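2 protein chains.
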Amino acid sequence: MGGKVIPFETPKSSATQGRILDAAEALFMEHGFEATSLRQITTAANVNLAAVHYHFGSKEDLFEAVLTRRLDPMNQERLALLTRFEHEWAPKPLSCEKILAAMFIPALKLARDPERGGKNFLRLLGRAYADPAPFIRHFLSDQYAVVIARFKAAFGRALPQLPKKELSWRLHFVMGALSFTLAGTDALKLIAALSRGETANDEMLLRRLAPFLIAGLKAPLPDLSELDGEAAAAFLTQQER
Amino acid sequence: MGGKVIPFETPKSSATQGRILDAAEALFMEHGFEATSLRQITTAANVNLAAVHYHFGSKEDLFEAVLTRRLDPMNQERLALLTRFEHEWAPKPLSCEKILAAMFIPALKLARDPERGGKNFLRLLGRAYADPAPFIRHFLSDQYAVVIARFKAAFGRALPQLPKKELSWRLHFVMGALSFTLAGTDALKLIAALSRGETANDEMLLRRLAPFLIAGLKAPLPDLSELDGEAAAAFLTQQER
DNA sequence: GATTCAGTCAAACGTCTGTTTGAATTTTAC
DNA sequence: GTAAAATTCAAACAGACGTTTGACTGAATC
Numbered sequence: 064m065g066g067k068v069i070p071f072e073t074p075k076s077s078a079t080q081g082r083i084l085d086a087a088e089a090l091f092m093e094h095g096f097e098a099t100s101l102r103q104i105t106t107a108a109n110v111n112l113a114a115v116h117y118h119f120g121s122k123e124d125l126f127e128a129v130l131t132r133r134l135d136p137m138n139q140e141r142l143a144l145l146t147r148f149e150h151e152w153a154p155k156p157l158s159c160e161k162i163l164a165a166m167f168i169p170a171l172k173l174a175r176d177p178e179r180g181g182k183n184f185l186r187l188l189g190r191a192y193a194d195p196a197p198f199i200r201h202f203l204s205d206q207y208a209v210v211i212a213r214f215k216a217a218f219g220r221a222l223p224q225l226p227k228k229e230l231s232w233r234l235h236f237v238m239g240a241l242s243f244t245l246a247g248t249d250a251l252k253l254i255a256a257l258s259r260g261e262t263a264n265d266e267m268l269l270r271r272l273a274p275f276l277i278a279g280l281k282a283p284l285p286d287l288s289e290l291d292g293e294a295a296a297a298f299l300t301q302q303e304r
Numbered sequence: 064m065g066g067k068v069i070p071f072e073t074p075k076s077s078a079t080q081g082r083i084l085d086a087a088e089a090l091f092m093e094h095g096f097e098a099t100s101l102r103q104i105t106t107a108a109n110v111n112l113a114a115v116h117y118h119f120g121s122k123e124d125l126f127e128a129v130l131t132r133r134l135d136p137m138n139q140e141r142l143a144l145l146t147r148f149e150h151e152w153a154p155k156p157l158s159c160e161k162i163l164a165a166m167f168i169p170a171l172k173l174a175r176d177p178e179r180g181g182k183n184f185l186r187l188l189g190r191a192y193a194d195p196a197p198f199i200r201h202f203l204s205d206q207y208a209v210v211i212a213r214f215k216a217a218f219g220r221a222l223p224q225l226p227k228k229e230l231s232w233r234l235h236f237v238m239g240a241l242s243f244t245l246a247g248t249d250a251l252k253l254i255a256a257l258s259r260g261e262t263a264n265d266e267m268l269l270r271r272l273a274p275f276l277i278a279g280l281k282a283p284l285p286d287l288s289e290l291d292g293e294a295a296a297a298f299l300t301q302q303e304r
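Line by line, the protein sequences are chains A and B.
Its first residue numbered 64, the first sequence is counted upward by one per residue in my numbering.
Its first residue numbered 64, the second sequence is counted upward by one per residue in my numbering.
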């Protein structure tokens, strides 16, 4: 008591920095990286245009800072949760459900915390996955390399009968459904249209997604031979007109 | 023999129009809508800058024309194929496999036809799904409204035990995984890295995706009660730190 | 009290954007 | 062969873009 109160960081300068990050987060989410101008951001943040370059260096650096602020803690939380689950269940391998839970719970916690970006940030993240800009793709690859490797290894132990190739593809599909779901403007419309009266909408969303993904992960191996199985037959017999 | 040869449309004017569409398709795919300038497009197409506005009206109209050129025939083919399958199997309802096949086969045919855009166009389409620009979202909604309604009805007959709400969500997830897979720069890298030596890469890709999606569609209903089932328990018990 | 230094500010930098114009050219029609 | 219509072209439009500059502020340091 009576000690000095440090609001967040240095008392004044980073109030500007924070306002820039908040405004940039909201605008990048709404319009994407290219379609958002620094003037829109600095106007929304009530900040001088040059402040962006003073505090962050460039527009690209600002974008990375916006992502890092939320993404870094969330991913560390994911890794910690996965590790905790693994210790709790050792020596048995984790179930797919538990592994997915380790991916989803930190995302859910972030989604329902409006102070820290909330669902808007998850939408921004989903958008970033589909952005063609090379610097964004490189940034996300670097940020996620460790996390993805850890989770892929965990899924590999949970699905030992699944070849590594197949697992890589299925994780790719999982990321796709997840990103699309998080990013969707449509998802927001769907939430409004479909689940009126339900309390925790984001939680409901991901709890619908989880069984879908788990079933997909556990699906029987695809039939890659020429004419075998209903799906493969359907593909091949109709190939020519 | 001896008859008049009509190259594509009117002999010259639409040579320009076609070159613009081709160049725009390639560049929009590579950099997205906002990050691609008309000057890049007209330079690549060896065409005067003003030709874009003369033939298409605006940059947005050009983008829609690029999409429509391939999307419209593909969607009509999808509907025709679905109808054919339904007649072949009548009065039994179609299986999920058949319905998915009706979605995938026209996409596959387009993907392996380099003359008509090939896989580049599918990537462009996947990107468009994730684009925040309102005019793109409206355009895609309008283009797909009929197709999605038809396929949703078909899936509803194939999965009669699934509530409509749930089906809407799962189709959303299906579209997500599909778009992400089609759009991915990563998908191309994955193809290169994982499936060396395989012939029809796109076909392999979609034939891996199909079983994943079918299993997800057929998954048991999610447990939306408070504490029930492994996944739900995992979500809720770990909610606070 | 002078000096330093992080931060803010208005103004301008050069470049690029989508779009428009009006004359020059080519193609079509009679 | 000539009139009309369709297309191409170079040039310019006004405005927005990310970035840089240099003067100005206020509090911290010695």
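The beta carbon of each residue, even a glycine, is placed where N, CA and C say it ideally should be.
Since this is a predicted model, take the numbers as computed values, not measurements.
- Between Ile162 of chain A and Ala221 of chain A, the CB-CB gap stays under 8 Å.
- With respect to Arg133 of chain B, Leu173 of chain B sits close: the two C-beta atoms are nearer than 8 Å.
- By the CB criterion at 8 Å, Leu245 of chain B and Phe91 of chain B fall outside the cutoff.
- With respect to chain B, the C-beta atom of Lys155 of chain A has no partner C-beta closer than 8 Å.
- At least one CB atom of chain A sits nearer than 8 Å to the CB of Gly279 of chain B.
- Within the segment 135-147 of chain A, those residues whose Cβ lies closer than 8 Å to any Cβ of chain B are, in chain order, Leu144.
- Contact with chain B is found for Ser242 of chain A, since one of that chain's Cβ atoms lies less than 8 Å from the residue's Cβ.
- Its chain contains Ala108, Asn109, Val110 as the residues whose beta carbon lies nearer than 8 Å to that of Arg82 of chain B, once the 5 sequence neighbours on both sides are disregarded; these appear in chain order.
- Per DSSP, Leu284 of chain A lies in no alpha helix (DSSP H) and is assigned neither H nor E.
- Between Leu276 of chain A and Ala217 of chain A, the C-beta spacing is not below 8 Å.
- Per DSSP, reduced to three states, the secondary structure at Thr99 of chain A is coil, with no helix or strand assignment.
- Linking Val129 of chain A to Gln103 of chain A through their CA atoms gives a straight-line distance of about 16 Å.
- Met238 of chain A reaches chain B at Phe243, counting residues in chain order whose Cβ is nearer than 8 Å.
- Ala282 of chain B sits close to Ala278 of chain A, with the two beta carbons spaced by under 8 Å.
- The three-state secondary structure of Leu157 of chain B, taken from DSSP, is coil.
- In this chain, the alpha helix (DSSP H) harbouring Asn183 of chain B covers 181-193.
- Judged by beta-carbon spacing, Ala114 of chain B lies beyond the 8 Å limit of Thr106 of chain B, meaning their Cβ atoms are not closer than that value.
- In the DSSP assignment, Pro197 of chain A falls within the unbroken alpha helix (DSSP H) covering 197-221.
- Listed along chain A is no residue with a C-beta nearer than 8 Å to that of Arg133 of chain B; the closest approach is about 17 Å.
- In the three-state reduction of the DSSP assignment, Asn111 of chain A falls in the coil class.
- Contact check for Pro285 of chain B against Ala273 of chain A passes: the beta carbons are separated by less than 8 Å.
- Put simply, the backbone Cα of Trp152 of chain B is about 49 Å away from that of Asp205 of chain A.
- Counting along the chain, Glu178 of chain A sits inside no alpha helix (DSSP H), nor does DSSP assign it H or E at all.
- Around the beta-carbon of Leu112 of chain A, fewer than 16 other beta-carbon atoms lie within 10 Å, marking it exposed.
- Look at Leu230 of chain B: its C-beta is not under 8 Å from any C-beta on chain A.
- In this structure, A:Pro223 is the residue among A:Gln80, A:Lys228, A:Pro223, A:Leu280 with its C-alpha nearest to the C-alpha of Lys155 of chain A.
- Closer than 8 Å to the CB of Pro285 of chain A there is at least one CB belonging to chain B.
- By the Cβ-count criterion, His201 of chain A is exposed, with fewer than 16 other Cβ atoms from all chains shown falling within 10 Å of its own Cβ.
- Where Pro136 of chain B is concerned, the enclosing alpha helix (DSSP H) starts and stops at 122-152.
- Burial state of Pro195 of chain B is buried, judged by a 10 Å Cβ sphere holding 16 or more other Cβ atoms.
- Val210 of chain B places its beta carbon 8 Å or farther from that of Leu280 of chain B.
- Within its own chain, the residues whose Cβ lies closer than 8 Å to the Cβ of Gly219 of chain B, once the five positions on either side in sequence are excluded, are Leu225, Lys227, Leu230, listed in chain order.
- Interface criterion met: the Cβ of Glu97 of chain A is under 8 Å from a Cβ in chain B.
- A distance of 8 Å or more separates the beta carbons of Ala191 of chain B and Glu97 of chain A.
- Proximity to His94 of chain B across B:Asn183, B:Met137, B:Phe214, B:Gln139 peaks at B:Asn183, based on C-alpha coordinates.
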